[in-house]
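There are 2 protein chains.
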Amino acid sequence: MATEPLTAERILEVTEDVLRKYGPAKATVVDVARALGVSHGSVYRHFRTKAALREAVTKRWLDRTAKQLRFISEGADPQGGSPTDRSAEANLSDWLKALFEAKRHKAGDDPELFATYEVLLSEHSQVVEEHIKELIGQLAVIVDDGFRRGEFTSVRPDPTEVARALFDATAKFHDPQYAPYWSLPGVEADFAAVLSLLLRGLRVR
Amino acid sequence: MATEPLTAERILEVTEDVLRKYGPAKATVVDVARALGVSHGSVYRHFRTKAALREAVTKRWLDRTAKQLRFISEGADPQGGSPTDRSAEANLSDWLKALFEAKRHKAGDDPELFATYEVLLSEHSQVVEEHIKELIGQLAVIVDDGFRRGEFTSVRPDPTEVARALFDATAKFHDPQYAPYWSLPGVEADFAAVLSLLLRGLRVR
DNA sequence: CGAATGACAGATATTGAAATCTGTCAGCTG
DNA sequence: CAGCTGACAGATTTCAATATCTGTCATTCG
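Note that the protein sequences, when read in sequence, are chains P and S.
Going by our numbering, the residue at position 104 of the first sequence is 107; the numbering climbs one at a time, nothing skipped.
Going by our numbering, the residue at position 177 of the second sequence is 180; the numbering climbs one at a time, nothing skipped.
Spelled out as structure tokens, the structure:
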């Protein structure tokens, strides 16, 4: 069998597995190289540092979520149907619910990758900053749509500003710092209460 | 000079100083005893464990803030005047601003006591839970007042539920986890945006 | 006799030496 | 000769021995 060429993508796949198995604290570059059947020097040919590798893996992982959410922000039905003319409020509500669900599942199903994400957070990584910017951008699309349709209003009608406020106000339901709280009973109700208050704050009546 | 009797209160005062000086990681019960000029056994006569002492100090410290805020939740003018008939919205806005300011100043001026508070948080201490319950209770008073005056409405008009939603939605501006963020430029604007959205969500129009 | 002491056992933290890991690079290999 | 290897230096982590701290309690002190 012709041994496949070592690509950055292949390294990322395997690194993700290694991180899943050992977690960010224990996984080493040598572990990754061993799993790939190469020397660790080869890994360094594709990623200048271990931090860069960690960032690239997390970016891939975060991008998968952002991609999912983009369907909603672009007006598609969350059930996966084709784009519809759903109200901005429904879109906003679905998007925030989907964000909460996505983060919660990531924390529960992939604790080690989630821990890796938290490492980046503590390092103030650009990757996390960009992920957040992307999410706020998606929110801004929904908010702007709401403004255009005359569904939403705000004192200062800058969609991005409002999007950031929505993002900040729902921090408890997507910021990794709160992950332990997401499995407690009553979170759902707390989330619903915040969401309802925020939606009412945007609604034109 | 008649050496004063060793009271719990005296121990708390001195422990606060010791914590301020050494921080929760370095301060020991022996340090506290030394500062009091007694043996550490005497401290244990008043507090069963070091954790209990730490909790008592933090409780005192948190209670001081809660007391300040109570003036606002009970309708007093924040400038310290006598109780007035200010609108519930003004009270709510002032209270949330005051909470943000109080936490921010505590984090900035008393980093070591703030760190002690964070230790309790990580221990899921009852003291912190009660502090939060007290704060939400104060918020509920303001919200209830708003309901009674016909200033506020909500889908489910339980003042405590709404109070909790307000508390959750402003977490980024009072939860110690975000303390580093409070000194960044732009926080004020972010806070104002969230506050404005929330107030609008409550307002009867 | 009630309050305080300090010696003590077990738990926790500190320290420094040894082991491992990261990142580089001269040389090897297909 | 492009891509990979593995020996190496410096950085970081681990580990075990040592020191310090917590919490108890028999004894002392006023």
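Just so you know, even glycine gets a beta-carbon here, dropped at the ideal spot from N, CA and C.
Cβ-Cβ separation, L9(S) to V41(S) (assumed contact under 8 Å), whole Å: 6 Å
Under 8 Å between C-beta atoms of S128(S) and E58(S): yes
Test item: CB-CB of A174(P) and L142(P) under 8 Å: no
C-alpha gap between A195(P) and K62(S), whole angstroms: 31 Å
Presumed contact (8 Å Cβ cut-off) between S76(P) and I139(P), rounded CB distance: Not confirmed; about 11 Å, so no contact.
Option nearest E12(P) by Cα separation, candidates R23(P), T31(P), W64(P), D34(P): W64(P)
Sequence-distant residues of the same chain with beta carbon closer than 8 Å to Q123(S), five excluded per side: Strictly speaking, residue 123(S) in this sequence is Leu, with Gln absent from that position. R57, E58, T61, V130, V131, listed in sequence order.
Under 7 Å by beta carbon: chain P residues contacting V197(S): A168, D171, A172
Cβ contact check for the region 176-195 of chain P and the region 197-205 of chain S: 3 or more pairs under 8 Å: no
Members of the region 172-196 of chain S near chain P, C-beta cut-off 7 Å: A172, A174, K175, Q180, D193, A196
Cross-chain neighbours of G204(P) in chain S, by beta carbon under 9 Å: S199, L200, L201, L202, R203, G204, L205, R206
Chain S contact for Y41(P) (CB, 8 Å cutoff): Tyr is not the amino acid found at residue 41(P); the sequence shown has Val there. No, V41(P) does not count as interfacial toward chain S.
Whole-number beta carbon distance between D171(P) and A91(P), since they are thought to touch under 8 Å: That belief does not hold up - the Cβ atoms of A91(P) and D171(P) are roughly 19 Å apart, past 8 Å.
Interface flag, E133(S) vs chain P, CB-CB below 8 Å: no
Residue closest to A168(S), alpha-carbon to alpha-carbon, out of V17(S), V21(S), L200(S), S125(S): L200(S)
CB contact below 8 Å: V122(S) versus chain P: no
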